[in-house]
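Engineer: Below is a structure I'd like to ask you about.
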């Protein structure tokens with residue numbers, strides 16, 4: 001095994017899900033309040049990667065401000081811009097303004113030696129990659145992990161290679177964490193435990209919208225299969241592997257692009273409360 005493979009036994013994985021990520025934001029803020037960080041590696045996808053960055057930078061409530069304010073501004077979800085050929089989700093604006101106004105503590109990130117994997121999907125292959133960027137490349141890599149095809153048209157270029165949202169290829173990187181040696185894993189979900197992803201209902205439209213990135217068509221059309229396989233792995237891990245799954249309650253109905261402040265605040269509070277049981281489950285297991 002090379003050094004990248006030797007990640008230690010205890011891994012924390014945080015799912016994406018756009019605005020639903022406010023739940024895991026609450027969980028991680030509770031962890032910060034309790035000074036709980038009993039993990040050897042961290043794995044974030046899309047919004048989950050952004051939440052983990054704030055956690056590792058020791059910046060409680062940073063991302064809550066993003067969910068309650070910046071994500072709700074007209075500059076972020078911009079339908080007129082999309083109709084004119086631009087992006088529906090203006091990630092460039094989002095990353096620039098939040099870094100300018102909220103910052104990110106690079107010194108705290110640099111001081112933590114534990115690997116932080118950001119899951120991205122390579123645009124020209126449709127395959128997942130697990131990047132561990134330095135702090136100077138962290139913001140662009142987080143943007144790449146959140147660059148949902150169609151909503152953000154071009155993807156994000158890193159070292160001459162274009163990437164899109166990590167959830168396209170591997171929304172729940174449990175198998176990869178196990179492959180690299182993790183045997184105790186906590187997964188912070190953005191969906192209730194009973195949720196299963198259904199097949200895409202608009203396949204012809206999806207194929208048309210992805211015509212300029214043909215290598216993403218198959219991965220996008222088969223997301224549900226990989227997602228549900230990951231859930232099966234979480235429910236039935238290999239011998240010697242223990243997985244603790246922290247999910248929103250079954251009545252959790254938050255929409256992917258919700259802008260309702262009250263709903264977002266309630267989801268955050270649900271996550272904050274779930275953080276308490278998450279720590280108890282981890283310590284007793």
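Numbering (the UniProt record's numbering), first residue to last: 1 to 285.
In this text, a Cβ means the ideal position worked out from N, Cα and C, and glycines have one as well.
Since this is a predicted model, take the numbers as computed values, not measurements.
Return the CA-CA distance between residue 248 and residue 191, expressed in angstroms with no decimal places.
Structural biologist: Roughly 6 Å separates the two Cα atoms.
Engineer: Buried or exposed: where does residue 283 fall if 16 or more other Cβ atoms within 10 Å of its Cβ makes it buried?
Structural biologist: The residue in question, residue 283, is exposed, as its Cβ has fewer than 16 Cβ neighbours within 10 Å.
Engineer: Does the count of Cβ pairs from the stretch 124-134 and the stretch 52-59 closer than 8 Å reach three?
Structural biologist: Judged by Cβ distances under 8 Å, the stretch 124-134 makes no contact with the stretch 52-59, as fewer than three pairs qualify.
Engineer: What are the complete alpha helix (DSSP H) segments, minimum 4 residues, inside the stretch 214-244?
Structural biologist: Counting only runs of 4 or more, we get 217-221, 223-235.
Engineer: How many angstroms separate the CA atom of residue 93 from the CA atom of residue 81?
Structural biologist: Distance between the alpha carbons of residue 93 and residue 81 is about 13 Å.
Engineer: Between which residues of its own chain and residue 188 is the CB-CB distance below 6 Å, once the five residues before and five after are set aside?
Structural biologist: Excluding residues within five positions, the ones whose Cβ falls inside 6 Å are 14, 24, 27, 246.
Engineer: Where residue 261 and residue 68 are concerned, what is the direct C-alpha to C-alpha distance, given to the nearest angstrom?
Structural biologist: Straight-line Cα distance between these residues: approximately 6 Å.
Engineer: For residue 274, does the count of other Cβ atoms within 10 angstroms reach 16, so buried, or fall short, so exposed?
Structural biologist: The residue in question, residue 274, is buried, as its Cβ has 16 or more Cβ neighbours within 10 Å.
Engineer: May I ask you to list the residues that DSSP assigns as paired with residue 286?
Structural biologist: With the chain represented from 1 up to 285, any question about residue 286 goes unanswered, as that position is not in the structure.
Engineer: With a CB to CB cut of under 7 Å and the five nearest residues on each side skipped, what residues in its chain are close to residue 258?
Structural biologist: Contacts found: 19, 264.
Engineer: Return the bridge partner residues of residue 11 from the DSSP annotation.
Structural biologist: The partner list for residue 11 (beta bridge, DSSP) reads 41, 185.
Engineer: Pop quiz: residue 166 and residue 46 are said to be a contact at Cβ under 8 Å. What is the actual Cβ separation, rounded to whole angstroms?
Structural biologist: Going by Cβ atoms, the distance from residue 166 to residue 46 rounds to 6 Å, so yes, they are a contact pair.
Engineer: Three Cβ pairs or more, each shorter than 8 Å: is that satisfied between the stretch 103-120 and the stretch 71-80?
Structural biologist: With a cut-off of 8 Å, the stretch 71-80 and the stretch 103-120 do not count as touching, because too few Cβ pairs lie within range.
Engineer: Report all residues from its chain with a CB closer than 8 Å to the CB of residue 139; omit the five preceding and five following residues, and keep chain order.
Structural biologist: 95, 99, 104.
Engineer: With a cut-off of 8 Å, do at least 3 Cβ pairs link the stretch 209-220 to the stretch 134-153?
Structural biologist: Counting Cβ pairs under 8 Å, three or more are found: they touch.
Engineer: Does the Cβ of residue 268 have 16 or more other Cβ atoms within 10 Å, making it buried, or fewer, making it exposed?
Structural biologist: Residue 268 comes out buried.
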